[in-house]
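Numbering (our numbering), first residue to last: 4 to 582. Don't be surprised by glycine CBs; every beta carbon is placed ideally from N, CA and C.
Pasting the structure below:
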């Protein structure tokens, strides 16, 4: 008998704008000790399916219109809240997608990981704390005993994700709902987390519903795969069979548009190259193979080397020398700090105008701190930042304002970087007003609509608030906001990490096309080495605030000189099933 069985589940959202069929008549099951991967575009209903099971959706606007969710013979949708709470966090745990908005900013990390143990088990606080610290160590948090006393804002994005994973696993659940659990993690920690999940499956028979947009992870981890599109399941089956012989055009498109280390395209294929969608009058739709799919792929293949034209002048736009950023922790009002963390420790780099420098390394190695320091969003201890022959470290904040227009950042966490009180129109208009772009509001609105369409959204989203979007959609809005002031240099800080592969391909293509049209320069920070290889001309590998390797991106991938770089490459999920 299946541990979890979902049959004909329908979850709709009823709003003033109409009815959104987020989950529309889906059925699948999970056996004890089985890992089922759920993939699909952002907004396809993957997360809503998980939230429906656990009764976590606000009703209204959400309403379960039909279907059943049976867990170990018990119908979850019929349970009272007290009975459901006894299951949630104990027998069924969930790793949520957005760690910053799910962790309590007022509580220390240790208190939050021990909370589910103390709620569901009759153990002492000391025992619960020991188990929490042990789990923190297992998920790759260094110096776990000391870091357990920290608050969420003191962790990097990847480290916060590890905390969420530790919190979900610490009660040893029967079923784990993992909603994008490795999105913000570097490949080495991702490999460790995947091993933990496999061990839970093999040793304890834990079942896992693994929601992700990373097809490489699904290919390596899942026993079966469920593919969702617009609230419906379009294909499901054994992982190897589905990846090697996909029958649905949407699945074919997903597999083709994911960059791998072997990818030679300069512009990635997208789902639209494979899929043709026909919308009917009643709002339903039919999907079919795109008639020109083979011609489009042949054209992309012929363009592999077509854009490798040399720039007329290779001038340096940014030069960083001996840059240091230190953080101090511990101590009190009258005492000196106990510990100094050298987040950036003597970094030298140079970025040529119109090119992309990729920056990779483990979470906590100093990538984001370096990017923020270059933009003067983080104060430096020492060193030089020379931007277009201007020494930025000597400038006051008012003197930096003209450079804010020329230098922008796409932040890692879109939910935390968007003001929850502003509509999307207000969020995109604000930087234009600051830098006096656009003659009037009508012109600025036209610019905003054009930007949203470039990143795969549209004018109908202007009056919505950030919480009304999926994680991938919020990241697209962050990309549009960075482009709103027409910068010449952009720090892309994990800017596609929250996106499914189809949207990721569109945004990476967009960034490349914008770079060619506007001669943009990028510092591209990512934990996904395949994406960095696709985007970058040159590359830096960081570890513990220092540069481990620096050079041409293709050369580093083909012949890494550092053992650490080799370790990162070895940890990438196998692409053998992805073609």
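Residue i - DSSP class collapsed to helix/strand/coil
i	result
residue 30	strand
residue 105	helix
residue 350	strand
residue 565	coil
residue 55	helix
residue 559	helix
residue 546	strand
residue 472	coil
residue 8	strand
residue 62	coil
residue 551	strand
residue 382	coil
residue 463	helix
residue 358	coil
residue 447	helix
residue 428	helix
residue 137	helix
residue 78	strand
residue 132	helix
Same chain only: Cβ atoms within 8 angstroms of residue i, ignoring 5 sequence neighbours per side
i	result
residue 3	Because the chain is modelled from 4 through 582, residue 3 falls outside the range shown and cannot be assessed.
residue 159	366, 367, 371
residue 521	489, 491
Residues sharing a beta bridge with residue i, DSSP
i	result
residue 180	97, 212
residue 242	In DSSP, residue 242 forms no bridge with anything.
residue 23	16
residue 414	According to DSSP, which records beta bridges pairwise, residue 414 is partnered with nothing at all.
residue 70	Residue 70 pairs with nothing; no bridge assigned.
residue 40	213, 228
residue 345	329
residue 322	353, 389
residue 235	232
residue 496	528
residue 278	292
residue 363	544
residue 88	None; residue 88 has no bridge partner.
Pairwise C-alpha distance: residue j and residue i
i	j	result
residue 427	residue 477	10 angstroms
residue 178	residue 433	44 angstroms
residue 240	residue 49	17 angstroms
residue 275	residue 258	13 angstroms
residue 502	residue 95	26 angstroms
residue 13	residue 236	12 angstroms
residue 11	residue 460	30 angstroms
residue 506	residue 448	24 angstroms
residue 414	residue 376	13 angstroms
residue 216	residue 175	25 angstroms
residue 290	residue 129	56 angstroms
residue 185	residue 135	20 angstroms
residue 311	residue 440	Confidence is the limiting factor: at residue 311 the pLDDT is only 44, short of 50, which leaves the residue's position unreliable, though a coordinate-based value still follows. The alpha-carbon atoms of residue 311 and residue 440 are separated by roughly 33 angstroms.
residue 547	residue 342	15 angstroms
residue 398	residue 194	43 angstroms
residue 214	residue 403	42 angstroms
residue 355	residue 564	23 angstroms
residue 162	residue 537	25 angstroms
residue 67	residue 277	33 angstroms
residue 456	residue 450	10 angstroms
residue 256	residue 396	46 angstroms
Neighbourhood of residue i by C-beta distance below 7 angstroms, restricted to the same chain and skipping five residues each side
i	result
residue 391	320
residue 584	Only positions 4 to 582 of the chain appear in this structure, which leaves residue 584 out of reach.
residue 191	365, 570, 571, 574
residue 539	359, 360, 361, 527, 556
residue 115	106, 107, 170
residue 436	none
residue 23	15, 16
Neighbourhood of residue i by C-beta distance below 6 angstroms, restricted to the same chain and skipping five residues each side
i	result
residue 325	349, 386
residue 314	Residue placement at residue 314 is poorly supported in this model, since its pLDDT is 46, which falls under 50; the coordinates still yield a value, given next. Around residue 314: 357.
residue 438	408, 488
residue 549	348
residue 245	228
residue 52	26
For residue j and residue i, believed in contact at Cβ under 8 angstroms, the rounded distance
i	j	result
residue 119	residue 170	7 angstroms
residue 2	residue 218	This structure cannot settle anything about residue 2, because the visible part of the chain is limited to 4 through 582.
residue 344	residue 381	Actually they do not touch by this definition, with Cβ atoms about 13 angstroms apart.
residue 512	residue 122	With 8 angstroms as the limit, residue 512 and residue 122 do not qualify as a contact, their Cβ atoms being about 47 angstroms apart.
residue 71	residue 80	7 angstroms
residue 229	residue 242	Rounded, the Cβ-Cβ distance is 11 angstroms, inconsistent with contact.
residue 272	residue 167	At roughly 33 angstroms, the Cβ-Cβ gap does not stay under 8 angstroms, so residue 272 and residue 167 are not in contact.
residue 200	residue 224	7 angstroms
Residue i: CB within 7 angstroms of a non-hydrogen atom of the ligand ADP
i	result
residue 424	The ligand ADP is absent from the structure shown, which contains no ligand whatsoever.
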